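Undergrad: Sharing a structure here in structure tokens format.
There are 2 protein chains.
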Amino acid sequence: MVTVALDAMGGDRAPEEPVRGALAAAGPDLRVLLVGDEAVLRAELARQGSADPAGVEVVHAPDRIGSDEDGAWAVRAKPDSSLVVACRLVGEGRAQAVVSTGHTGAMLVAATLHLRRVPGVLRPGIGVVVPSARGPVVLIDAGANADSRPEYLPQFALMGRLLARDVLGIPEPTVGLLSIGEEAGKGSELVQEAYAAMAGTPGFVGNVEGRDIPLGATHVVVTDGFTGNVALKLYEGAGAWLLGEVRAALTSSWTARLGALLVRPALRRLRQTADPEEYGGAYLLGIRGLAVIGHGNSGGRGIGNAVRLAARGVREGLVEQLAAGIAAERGVLDGA
Amino acid sequence: MVTVALDAMGGDRAPEEPVRGALAAAGPDLRVLLVGDEAVLRAELARQGSADPAGVEVVHAPDRIGSDEDGAWAVRAKPDSSLVVACRLVGEGRAQAVVSTGHTGAMLVAATLHLRRVPGVLRPGIGVVVPSARGPVVLIDAGANADSRPEYLPQFALMGRLLARDVLGIPEPTVGLLSIGEEAGKGSELVQEAYAAMAGTPGFVGNVEGRDIPLGATHVVVTDGFTGNVALKLYEGAGAWLLGEVRAALTSSWTARLGALLVRPALRRLRQTADPEEYGGAYLLGIRGLAVIGHGNSGGRGIGNAVRLAARGVREGLVEQLAAGIAAERGVLDGA
Chain A
1 MVTVALDAMG GDRAPEEPVR GALAAAGPDL RVLLVGDEAV LRAELARQGS
51 ADPAGVEVVH APDRIGSDED GAWAVRAKPD SSLVVACRLV GEGRAQAVVS
101 TGHTGAMLVA ATLHLRRVPG VLRPGIGVVV PSARGPVVLI DAGANADSRP
151 EYLPQFALMG RLLARDVLGI PEPTVGLLSI GEEAGKGSEL VQEAYAAMAG
201 TPGFVGNVEG RDIPLGATHV VVTDGFTGNV ALKLYEGAGA WLLGEVRAAL
251 TSSWTARLGA LLVRPALRRL RQTADPEEYG GAYLLGIRGL AVIGHGNSGG
301 RGIGNAVRLA ARGVREGLVE QLAAGIAAER GVLDGA
Chain B
1 MVTVALDAMG GDRAPEEPVR GALAAAGPDL RVLLVGDEAV LRAELARQGS
51 ADPAGVEVVH APDRIGSDED GAWAVRAKPD SSLVVACRLV GEGRAQAVVS
101 TGHTGAMLVA ATLHLRRVPG VLRPGIGVVV PSARGPVVLI DAGANADSRP
151 EYLPQFALMG RLLARDVLGI PEPTVGLLSI GEEAGKGSEL VQEAYAAMAG
201 TPGFVGNVEG RDIPLGATHV VVTDGFTGNV ALKLYEGAGA WLLGEVRAAL
251 TSSWTARLGA LLVRPALRRL RQTADPEEYG GAYLLGIRGL AVIGHGNSGG
301 RGIGNAVRLA ARGVREGLVE QLAAGIAAER GVLDGA
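The following block contains the structure:
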């Protein structure tokens, strides 16, 4: 049995969609703590026809953090907000993982404060699973650090590789360093230094370029948090736009609508593949607890998948594997 | 009459596709100088059934720069390469623009060497036109500078805005700064400093995020050359992958193939919109001559469009407008 604390007041569509997600994900081996204003949540549960659902428990948190607040300030000023309480539940051992579709910056601060960093980890990184022509790819750091130092990147590689291995089930994941040219000397100063620092990193195959993400050239793509966040949002936006245009084209005339009836089943699989809600969220890696950050505009399906992603991480012992991996790496670095 | 020098030995598909592109683009008001090994080019012209085509002239350049060579070294070591000769033709006034689908780094070096920088321009930038939900968007810098300083970005904004206005015909283009959060304080140190430096830049509306490129939130998106190149290649790769998957889905069963016959006309427009060959290339802006860099794997249609893009820039006086804009900006900065 895994227990996941869900920030039920976070994101653009709270509390309706988090409640929907909790109901979708809860089951005999997955318990969800719905964290937020108890009266609001009980009313929403009743509205969705599940006044006292099995596997879902409401934990009262009267306050909430708005998307326009400063993350660091809000976490300190609002200790009783749903996001902070959800993180604290993991810190106190009442849940094994936390999920929020709320303020990413606040989540970073709250998770670091209440769960603390894994010893030896320089900076937590956001590891997100994105689709590609050859199956899922891990992109890390997808936005935890606006400015990165070269030495963070080998750690991101290690963390991303564990995610690919233990959660995606890829036995020997390959790792590429995102750059603007495939040769070792190509790229920004940061990337050139990171390349040197990546020497000896398991699975490292060298530089990859932007197009290699959709091509699925490597299982893991390592980059600084600025580039990673731009890339993630661009990739999702490109997919949403193009699939929206395909949908529009299929209803643009009566012949197209007729044809659409015939091609729809074949296109459904693609739409699923490219849908950000399919994975539902990104792991915040490098802290001593399992944390998943979901999209602010996620629907119930996406939030349900984010909760399941968190539970999968708990079952696979992702945090423990990561701590052991970092410890081993430090041993190597220290010559132990 | 505009004369464009085309590096006919550059790119992965030379000389066949550059020759095809030259034949497609040449016309009564557009002359193309095909630069490369004369014997090879004459044979290819004959093979394509145009031994002595109107509007196309062969200029002999015996050498060529390979894609795996160091750009700076190759330009100096191979003054008689097709790429360098094509740039020199513009420097000597025998052509008004140069187009190459060859080595981007070499093109940067050769163009700067033979055409020189516009006075006051800190760094040339690559301005590329990409598709979006609301029409074409200019992305600059798409890869001329692996490392940027904050003060380059207002100049990229100015250059990108002229491109949007004079080539795309957008009367008052808006400009966004690519970041990882919309508020002014969000982003890397570079972006925060660039934001401050952008104050007073015409059309500047603040930060945009990765998803705002496909959404078309602003007409111009300004970024450093590293992020811009990653974004460009990711965007193109995402489009190619998704449209390829749509195509595969439409032929995956006999019902889908039947439906595809009916939806194909509606999808054709989208495929055109998202096709990188539609614009054919990117402007290298900030040098005293019109230079267009095309995709290494461009076909004849893409190269023809790149040649037309170059001619359009010449007709609109893009380089002169840019020099005047930079001079005016310097006047403002110097308090003149």
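Just so you know, the protein sequences line up as chains A and B, in that order. Positions 1 to 336 (the working numbering) are the ones given, in order, by the first sequence. Positions 1 to 336 (the working numbering) are the ones given, in order, by the second sequence. The beta-carbon is built from N, C-alpha and C at its ideal position, and this holds for glycine as well. Note that the coordinates shown come from a computational prediction; the quantities given were computed from them, not determined experimentally.
1. Within the 8 Å Cβ cut-off, does ALA241 (chain A) reach chain B?
2. Label ALA196 (chain B) either buried or exposed according to how many other C-beta atoms from any shown protein chain fall within 10 Å of its C-beta, with 16 as the threshold for buried.
3. Can you give the Cα-Cα distance for ALA199 (chain A) and PRO154 (chain A), rounded to whole angstroms?
4. My output table needs one value for GLY237 (chain A): the three-state DSSP class, helix, strand or coil.
5. Rounded to whole angstroms, how far is the Cβ of GLY244 (chain A) from the Cβ of GLY259 (chain B), which I believe are closer than 8 Å?
6. Can you tell me the Cβ-Cβ gap for LEU242 (chain B) and ALA274 (chain A), rounded? I've got them flagged as a contact below 8 Å.
7. In the stretch 117-147 of chain B, which residues sit with their C-beta less than 8 Å from some C-beta in chain A, listed in chain order?
8. Which bits of chain B does LEU215 (chain A) rub up against, with CB to CB less than 8 Å?
9. Where GLY331 (chain B) and GLY325 (chain B) are concerned, what is the direct C-alpha to C-alpha distance, given to the nearest angstrom?
10. Quick one: residues in its chain with C-beta nearer than 6 Å to the C-beta of GLY370 (chain A), no 5 flanking neighbours on either side, listed in chain order?
11. For GLU397 (chain B), does the three-state DSSP call read helix, strand or coil?
12. Tell me, please, which residues DSSP counts as bridged to HIS60 (chain A).
13. Can you tell me whether LEU1 (chain A) is buried or exposed, with buried defined as 16 or more other CB within 10 angstroms of its CB?
14. Is GLY296 (chain B) helix, strand or coil by DSSP?
15. Near ALA26 (chain A), what residues of its chain come up, given a Cβ to Cβ distance below 6 Å and the 5 sequence neighbours on each side ignored?
16. Decide if LEU261 (chain B) is buried, meaning its Cβ has at least 16 other Cβ atoms within 10 Å, or exposed.
17. Need the endpoints of the beta strand (DSSP E) that THR3 (chain A) sits in, please.
18. How about ALA256 (chain A): is its C-beta nearer than 8 Å to some C-beta of chain B?
19. Write down the C-beta distance between ALA110 (chain B) and VAL128 (chain B) rounded to the nearest angstrom, noting that I regard them as a contact closer than 8 Å.
20. With DSSP as the reference, identify every bridge partner of ALA282 (chain B), one or two as the case may be.
21. Since PRO15 (chain B) contacts GLY36 (chain B) with CB under 8 Å, what's their CB separation in whole angstroms?
22. With a cut-off of 8 Å, does the C-beta of LEU290 (chain A) fall near any C-beta of chain B?
23. At which residues does the alpha helix (DSSP H) containing LEU163 (chain B) begin and terminate?
24. List, in order along the chain, the chain B residues whose C-beta lies closer than 7 Å to that of ASN297 (chain A)?
25. Residues of chain A with CB under 9 Å from ARG76 (chain B), in chain order?
26. Return the residue from the list A:ALA22, A:GLU17 and A:GLY10 that minimises the CA-CA distance to ALA310 (chain A).
27. Specify the secondary structure class of ASN145 (chain B) as computed by DSSP and reduced to three states.
28. Anything in chain B within Cβ reach of ARG211 (chain A), meaning under 7 Å, just list it in chain order.
29. Pull up the distance between the alpha-carbon of ARG117 (chain A) and that of LEU285 (chain A), whole angstroms please.
30. What number of angstroms, rounded off, separates the C-alpha of VAL121 (chain B) from the C-alpha of GLN192 (chain B)?
31. Taking 8 Å as the threshold (beta carbon to beta carbon), is SER100 (chain A) in contact with chain B?
32. Apply the 10 Å Cβ neighbour rule to ALA266 (chain B) and answer buried if 16 or more other Cβ atoms are within range, or exposed otherwise.
33. Which stretch, first to last residue, makes up the alpha helix (DSSP H) that contains VAL263 (chain B)?
34. Give the single residue among B:SER148, B:GLY302 and B:THR201 whose Cα lies nearest to the Cα of ALA282 (chain B).
35. Examine chain B for any beta-carbon lying closer than 8 Å to the beta-carbon of ALA282 (chain A), and answer yes or no.
36. Using a C-beta to C-beta distance shorter than 7 Å, which residues of chain A count as neighbours of ILE180 (chain B)?
TA: By the coordinates alone:
1. Translated into the one-based positions of the first sequence, residue 241 (chain A) becomes position 241. This sequence places Trp at residue 241 (chain A); Ala is not what is there. Yes, TRP241 (chain A) counts as interfacial toward chain B.
2. Position 196 of the second sequence, counting from 1, holds the residue named residue 196 (chain B). ALA196 (chain B) is exposed by the Cβ-count criterion.
3. Your numbering for residue 199 (chain A) matches position 199 in the first sequence. Your numbering for residue 154 (chain A) matches position 154 in the first sequence. When only Cα atoms are considered, ALA199 (chain A) and PRO154 (chain A) end up about 9 Å apart.
4. In the first sequence, counting from the first residue as 1, residue 237 (chain A) sits at position 237. Under the three-state reduction of DSSP, GLY237 (chain A) is assigned to helix.
5. Here residue 244 (chain A) refers to the residue found at position 244 of the first sequence. Here residue 259 (chain B) refers to the residue found at position 259 of the second sequence. Not a contact, Cβ separation roughly 19 Å.
6. Locating residue 242 (chain B) in the second sequence gives position 242, where the first residue counts as 1. Locating residue 274 (chain A) in the first sequence gives position 274, where the first residue counts as 1. Between ALA274 (chain A) and LEU242 (chain B) the Cβ distance is about 6 Å, and since that is below 8 Å, they are a contact.
7. Hits within the stretch, in order: SER132, ALA133, GLY143, ALA146 and ASP147.
8. On the first sequence, position 215 is the one that residue 215 (chain A) refers to. In chain order: GLY237 and TRP241.
9. Counting from one through the second sequence, the residue named residue 331 (chain B) turns up at place 331. Counting from one through the second sequence, the residue named residue 325 (chain B) turns up at place 325. Going by the C-alpha atoms only, they are around 10 Å apart.
10. Residue 370 (chain A) lies beyond the residue range present for chain A, which begins at 1 and ends at 336; the question has no answer from this structure.
11. Since the first and last residues shown for chain B are 1 and 336, residue 397 (chain B) lies out of range.
12. To locate residue 60 (chain A), count along the first sequence from 1; it is residue 60. Looking at the DSSP assignment, HIS60 (chain A) forms a beta bridge with A:GLY36.
13. The residue given as residue 1 (chain A) occupies position 1 in the first sequence. It should be pointed out that residue 1 (chain A) corresponds to Met in this sequence rather than to Leu. By the 16-neighbour rule on beta-carbons within 10 angstroms, MET1 (chain A) is exposed.
14. As a first step, residue 296 (chain B) must be located in the second sequence, where it is residue number 296. Residue state, collapsed to three classes: coil.
15. Numbered from 1 along the first sequence, position 26 holds the residue referred to as residue 26 (chain A). Answer for ALA26 (chain A): VAL32, GLY55 and VAL56, listed in chain order.
16. Reading the second sequence from its first residue, position 261 is the one you call residue 261 (chain B). Counting every other CB atom within 10 Å of its CB across the protein chains shown gives LEU261 (chain B) a total below 16, marking it as exposed.
17. Counting from one through the first sequence, the residue named residue 3 (chain A) turns up at place 3. THR3 (chain A) -> beta strand (DSSP E) spans 2-7.
18. Reading the first sequence from its first residue, position 256 is the one you call residue 256 (chain A). Yes, its Cβ sits closer than 8 Å to a Cβ of chain B.
19. Taking the first residue of the second sequence as position 1, residue 110 (chain B) is located at position 110. Taking the first residue of the second sequence as position 1, residue 128 (chain B) is located at position 128. Between VAL128 (chain B) and ALA110 (chain B) the Cβ distance is about 19 Å, and since that is not below 8 Å, they are no contact.
20. Counted from its first residue, the second sequence places residue 282 (chain B) at position 282. Looking at the DSSP assignment, ALA282 (chain B) forms a beta bridge with B:VAL128 and B:ILE293.
21. As a first step, residue 15 (chain B) is located in the second sequence; it is residue number 15 there, counting from the start. As a first step, residue 36 (chain B) is located in the second sequence; it is residue number 36 there, counting from the start. About 6 Å separates the CB atoms of PRO15 (chain B) and GLY36 (chain B); that is less than 8 Å, so the two are in contact.
22. Working through the first sequence from its first residue, we reach residue 290 (chain A) at position 290. Not an interface residue.
23. On the second sequence, position 163 is the one that residue 163 (chain B) refers to. Note, LEU163 (chain B): premise wrong, no alpha helix (DSSP H); not H, not E.
24. Position 297 of the first sequence, counted from the first residue, corresponds to residue 297 (chain A). Counting only Cβ-Cβ distances below 7 Å, ASN297 (chain A) has no contacts in chain B at all, with the closest Cβ about 11 Å away.
25. As a position in the second sequence, residue 76 (chain B) is number 76, starting the count at 1. Going along chain A, no residue has its Cβ under 9 Å from ARG76 (chain B), so there is no contact; the nearest lies around 18 Å.
26. Along the first sequence, one-based indexing puts residue 310 (chain A) at 310. Taking each of A:ALA22, A:GLU17 and A:GLY10 in turn and checking the Cα distance to ALA310 (chain A), the smallest one comes out for A:ALA22.
27. Walking along the second sequence from the start, residue 145 (chain B) turns up at place 145. ASN145 (chain B) carries a coil assignment under DSSP once its states are collapsed to helix, strand and coil.
28. As a working note, residue 211 (chain A) is residue 211 in the first sequence. Scanning chain B for C-beta atoms nearer than 7 Å to the C-beta of ARG211 (chain A) yields LYS233, LEU234, GLU236 and GLY237, reported in chain order.
29. One-based indexing of the first sequence puts residue 117 (chain A) at position 117. One-based indexing of the first sequence puts residue 285 (chain A) at position 285. If I take the Cα positions, the gap works out to 9 Å.
30. Locating residue 121 (chain B) in the second sequence gives position 121, where the first residue counts as 1. Locating residue 192 (chain B) in the second sequence gives position 192, where the first residue counts as 1. Near 21 Å, if we compare the C-alpha coordinates of GLN192 (chain B) and VAL121 (chain B).
31. Along the first sequence, read from residue 1 onward, the residue named residue 100 (chain A) stands at position 100. No, its Cβ sits nowhere closer than 8 Å to a Cβ of chain B.
32. The count along the second sequence starts at 1 and reaches residue 266 (chain B) at position 266. By the Cβ neighbour-count rule, ALA266 (chain B) is buried, with 16 or more other Cβ atoms within 10 Å of its own.
33. On the second sequence, position 263 is the one that residue 263 (chain B) refers to. Unbroken alpha helix (DSSP H) run through VAL263 (chain B): 254-274.
34. By 1-based counting over the second sequence, the position of residue 282 (chain B) is 282. Distances from the alpha-carbon of ALA282 (chain B) to those of B:SER148, B:GLY302 and B:THR201 put B:GLY302 closest.
35. In the first sequence, the residue the question calls residue 282 (chain A) occupies position 282. Not flagged as an interface residue toward chain B: ALA282 (chain A), since no C-beta distance is shorter than 8 Å.
36. As a first step, residue 180 (chain B) is located in the second sequence; it is residue number 180 there, counting from the start. Here the neighbours are GLY143, ALA146, PHE226, ASN229 and VAL230.
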